[in-house]
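Asks:
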Amino acid sequence: MEQAAGSRALWAVRMLDASAREASGLLHGVRYHLGSFDACISAAEMSPVGTRYCLVGVSYRGHQGSTPGTKSWEMVSELSPHQNASDILNGAGMAPGLLPLGDARLALCVPRSCGASELQRALQAGLGEAADAVRVTVLPEYCQEHAVVTRPLSTRAKLFWILMATLTATTIAAPALGWKSWDWRRHLRTLRVPDPAVCGLDLSALSGIRTVNAMLLLGMHHCVLMPRTAITNYDLFTNQLQARTDHPLAYRSVLFVDTFYFLAGLLLGLTSLNKKEPFWKLLANRLLRVVPVYAAVLLWYCIAMPETSSGPLWAEFVKAFSDPCKRWWWTNLLFVNNYVNGGLGEPMCMEHSWSLPVDMQMFVVGSLVSALVPGGVPGLRTLGVLTLLSTLPLSLSALWGRWPGLVRFTQSTLSRGPQVEPLFFLAYIPTHMRAAPYLAGLLAGRALPLLKERGFHPGHASSLLAVLGSVLCLGAIIFATAPLDDLRRPHDPIGAVMVAGLTPLAWSASLAVLVGSLVLGEQTVVRSFLAWQPLVTLSRLTFAMYLVSYPLQAVLNASIRSPIHLTISFVVRTNERCTALLNEYITC
């Protein structure tokens, strides 16, 4: 290749042209220099040595430790213009939770015979005197070649898509075959039917809340996935910006998951009052509704996802998303993956699905509690005590372990995935840490019929004020906790305990006021909007939408060819909600 490049042979120059010859923008946080992936792969058609596209990890380690006089910083704009740039690239004085600016990825288009380990040794040796200051890393998943990228679908992938096509064809043909369970026309008619009353209460507005909540959560999922791809403005994910009161919405997705738990507990509390069906039948119906779609997505992760697309980051993304499912898929289907997984350092199978086992486990616990707790006011007191006690695991852990009040998604965590954050496994996904909103919903579900029986019926003005007040409280909870994301603040154990214990309670209490005013109060413009039939219809698709949208977003992020400048408009423009909804209709 060197000889051919010296004589300007077209095939060799094409390979050089596809490589990233230098890094630029390092001091601004630009980490990925991707060259031209497609140019490298296509050059193999005329290259006598073949081609391999490799992302080379380069880490500058010129100095060890902080340099005297270097203050804590996050962006170079905070520093003196006369600061030593070598210290800055090394991360001297950098605030915790950030990635050193000297860590970058550069693309090289090399002969196919250059394996990852051989390329790493050759590049490290070629640095000469700079070898002590610069570390080169080339992992197998950083490299892709023409034969792999352009190969036809494997037999396993073909069988998967044949299965999906068969199920789709069966659904389309079901009306003609007389199969009512598969009749898509029947399902579409069902989607258009208004929600039935439960215990004499119109809960249509709750369906609207669920839909709006799901849309917000999908947008936040997109935001937290973007740092794992190639972007040019990593400064968006510094502690400073996360701690600003105009940015925390993207980092509070946990509260929107709590909304789902609250609504699930509320519906369980209402339906348990009727006690028309035994628990085992309710559980079986729930599993029949959830598991087939869940299993189909898991199968796609294990078999078809690796061959869905391509790109500079594709192999690395697939390893983090697909490989864990090949090992841990059974824990997902048993709904124990929030406890049984690879642990710290190993990506989870369907990392966004951690909330499903929490919901399933709390359904079992909530059903048991509902069966044991008496009715009426004594039952409400018991549920209130249980809700308060459910905050103790997180509060006491925050006190004894000196944890922050909220799990912090730092730049480092967002860039590498939640598996690098210990508190993700200790505080974020265990059911015993997330029980409070569900139990609070159970309490609200028991309370609503009692309030109705006692004639509680707020007027129009009171209902509107209660709705607006509860929404303002929800917003205040989101934005008031923003300063806790600043890792430069000294640890406040009392504040952390209060935030850990009170945040889920305050969120649930605000939701309870919102739901109570919508269900028991007079008709308001907010209630009319949330009970709008399109929102009610979409609410029935939120489960499948939640499952499908996250991997679709990951696939599109992994397929990008050049770094992206991330903005809010970009997130809105590229959010795959419509694609996800289409998948849900096909699935239904």
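To convert, take the position in the sequence shown, counting from 1, and add 183; that gives this note's numbering. No residue lacks a Cβ here, since even glycine has one placed at the ideal position from N, Cα and C. These numbers were taken from a predicted model, which means no experiment stands behind them.
(1) To the nearest whole angstrom, what separates the beta carbons of T570 and V556, a pair I think is in contact under 8 Å?
(2) Distance, Cα to Cα, A763 vs T491?
(3) When you compare the CB positions of L496 and A610, do they come within less than 9 Å of one another, or not?
(4) Assess contact between the stretch 598–612 and the stretch 654–665, defined as three or more Cβ pairs (one per stretch) separated by less than 8 Å. Is contact present?
(5) Nearest to A203 by alpha carbon, out of G240, L749 and L210?
(6) Drop a sphere of 10 angstroms on the beta-carbon of N145, count the other beta-carbons inside from all chains shown, and report buried for 16 or more, exposed for fewer.
(7) How long is the line joining the alpha carbons of V196 and L482, rounded to whole angstroms?
(8) Look up R318 in the DSSP assignment and say whether it is helix, strand or coil.
(9) Could you tell me if D441 is buried or exposed, where buried requires 16 or more neighbouring beta carbons within 10 angstroms of its beta carbon?
(10) Measuring alpha carbon to alpha carbon, tell me which residue in Q186, W512 and L551 is nearest W537.
(11) On the three-state DSSP scale, how would you describe C292?
(12) Would DSSP call L238 helix, strand or coil?
(13) On the premise that R318 lies in contact with R235, defined as a C-beta separation below 8 Å, what is that separation, rounded to the nearest angstrom?
(14) With S722 and S505 assumed to form a contact (beta carbons below 8 Å), what rounded beta-carbon distance in angstroms separates them?
(15) Can you look up A413 in the DSSP assignment and give me helix, strand or coil?
(16) Can you tell me which of the three DSSP states Q327 falls into?
(17) For M533, name the three-state secondary structure that DSSP assigns.
(18) With a CB to CB cut of under 6 Å and the five nearest residues on each side skipped, what residues in its chain are close to Y159?
(19) Mapping the DSSP letters down to three states, classify M229 as helix, strand or coil.
(20) Within the same chain, show all residues whose beta-carbon is closer than 8 Å to that of S207, passing over the 5 residues directly before and after it, in chain order.
(21) Could you tell me the distance, in whole angstroms, from the CA atom of F439 to the CA atom of G448?
(22) Check each candidate in S580, R339, T593 and L713 and name the one with the smallest Cα separation from I486.
(23) Tell me, please, whether the stretch 697–704 touches the stretch 370–381 by the rule of three or more beta-carbon pairs shorter than 8 Å.
(24) In its own chain, which residues sit with a C-beta less than 6 Å from the C-beta of A187, not counting the 5 before and 5 after it?
(25) Could you tell me which of K502, L446, G684 and L527 sits nearest to F546, measuring between CA atoms?
(26) Would the stretch 735–748 count as touching the stretch 217–227 if we require 3 or more Cβ pairs under 8 Å?
(27) Would K363 pass as a contact of A357 if the rule is Cβ separation under 9 Å?
(28) For T574, count neighbouring C-beta atoms within 10 Å of its own C-beta (all shown protein chains included) and say buried if the count is 16 or more, exposed if not.
(29) For K459, report the span of its alpha helix (DSSP H) as first-last.
(30) Given this structure, state the Cα-to-Cα distance separating A352 from A479, to the nearest angstrom.
(31) I'd like to confirm the pairing. Which residues does DSSP put opposite D286 in its beta bridges?
(32) Do Q602 and F420 have their CB atoms nearer than 9 Å?
(33) Are the beta-carbon atoms belonging to L289 and N422 less than 9 Å from one another?
(34) So, are the CB atoms of L563 and L633 less than 9 Å apart?
(35) Can you pull the DSSP bridge partners for V381?
(36) Sort out for me which residues DSSP pairs I747 with in a bridge.
Replies: From the atom records:
(1) As a working mapping, residue 570 is identified with position 387 in the sequence shown. As a working mapping, residue 556 is identified with position 373 in the sequence shown. Actually they are not in contact, since the Cβ atoms of T570 and V556 sit about 12 Å apart, beyond 8 Å.
(2) Here residue 763 refers to the residue found at position 580 of the sequence shown. Here residue 491 refers to the residue found at position 308 of the sequence shown. Per-residue confidence for A763 stands at a pLDDT of 49, beneath the threshold of 50, marking its modelled position as unreliable; the derived number appears in the next sentence. Rounded to the nearest angstrom, the two C-alpha atoms are 16 Å apart.
(3) Walking along the sequence shown from the start, residue 496 turns up at place 313. Walking along the sequence shown from the start, residue 610 turns up at place 427. Contact: no.
(4) no
(5) Counting from 1 along the sequence shown, the entry for residue 203 is found at position 20. For A203, the nearest C-alpha among the options comes from G240.
(6) Residue 145 is absent from the model: the chain starts at 184 and stops at 771.
(7) Start at 1 with the first residue of the sequence shown, and residue 196 comes out as number 13. Start at 1 with the first residue of the sequence shown, and residue 482 comes out as number 299. Roughly 42 Å between the two C-alpha positions.
(8) By one-based count along the sequence shown, residue 318 stands at place 135. R318 falls in the strand class under three-state DSSP.
(9) Within the sequence shown, residue 441 is the residue found at index 258, counting from 1. Buried, by the Cβ-count rule.
(10) On the sequence shown, residue 537 is found 354 positions in, with the first residue counted as 1. Measuring from the Cα of W537, the nearest candidate turns out to be W512.
(11) Residue numbering aside, residue 292 sits at position 109 when the sequence shown is read from its first letter. The answer is strand: DSSP assigns C292 an E or B state.
(12) As a first step, residue 238 must be located in the sequence shown, where it is residue number 55. Note: L238 maps to strand in three-state DSSP.
(13) To locate residue 235, count along the sequence shown from 1; it is residue 52. To locate residue 318, count along the sequence shown from 1; it is residue 135. Actually they are not in contact, since the Cβ atoms of R235 and R318 sit about 21 Å apart, beyond 8 Å.
(14) For this step, residue 722 is matched to residue 539 along the sequence shown. For this step, residue 505 is matched to residue 322 along the sequence shown. No, S722 and S505 are not in contact; Cβ-Cβ is about 30 Å, not under 8 Å.
(15) Taking the sequence shown and counting its residues from 1, the one referred to as residue 413 is at position 230. In this structure, A413 counts as coil in the three-state DSSP scheme.
(16) For this step, residue 327 is matched to residue 144 along the sequence shown. Q327: strand per DSSP, three-state reduction.
(17) Looking up residue 533 in the sequence shown gives position 350. Coil, per DSSP.
(18) Not covered by the structure: residue 159. The range shown for the chain is 184 to 771.
(19) Along the sequence shown, read from residue 1 onward, the residue named residue 229 stands at position 46. Note: M229 maps to coil in three-state DSSP.
(20) The sequence position of residue 207 within the sequence shown is 24, counting from 1. So the list reads V213 and H216, once near-sequence residues are dropped.
(21) Locating residue 439 in the sequence shown gives position 256, counting from the first residue. Locating residue 448 in the sequence shown gives position 265, counting from the first residue. Taking the straight line from one Cα to the other gives about 14 Å.
(22) Position 303 of the sequence shown, counted from the first residue, corresponds to residue 486. The shortest Cα separation from I486 among S580, R339, T593 and L713 belongs to R339.
(23) no
(24) Against the sequence shown, residue 187 aligns to sequence position 4. Closer than 6 Å at the Cβ level, and outside the excluded window around A187, lie A195.
(25) As a working note, residue 546 is residue 363 in the sequence shown. Checked all of K502, L446, G684 and L527; the closest Cα to F546 is L446.
(26) yes
(27) Looking up residue 363 in the sequence shown gives position 180. Looking up residue 357 in the sequence shown gives position 174. Yes, the pair counts as a contact, with Cβ atoms nearer than the cut-off.
(28) Numbered from 1 along the sequence shown, position 391 holds the residue referred to as residue 574. Buried.
(29) Against the sequence shown, residue 459 aligns to sequence position 276. Note, K459: premise wrong, no alpha helix (DSSP H); not H, not E.
(30) On the sequence shown, position 169 is the one that residue 352 refers to. On the sequence shown, position 296 is the one that residue 479 refers to. For A352 and A479, the distance between alpha carbons rounds to 16 Å.
(31) As a first step, residue 286 is located in the sequence shown; it is residue number 103 there, counting from the start. Looking at the DSSP assignment, D286 forms a beta bridge with S242.
(32) Position 419 of the sequence shown, counted from the start, is the residue given in the question as residue 602. Position 237 of the sequence shown, counted from the start, is the residue given in the question as residue 420. Contact flag unset, no.
(33) Residue numbering aside, residue 289 sits at position 106 when the sequence shown is read from its first letter. Residue numbering aside, residue 422 sits at position 239 when the sequence shown is read from its first letter. Contact: no.
(34) Counting from one through the sequence shown, the residue named residue 563 turns up at place 380. Counting from one through the sequence shown, the residue named residue 633 turns up at place 450. A contact, by the Cβ cut-off of 9 Å.
(35) What you label residue 381 is simply residue 198 of the sequence shown in a count that begins at 1. The partner list for V381 (beta bridge, DSSP) reads L384.
(36) Your numbering for residue 747 matches position 564 in the sequence shown. I747 pairs with I414.
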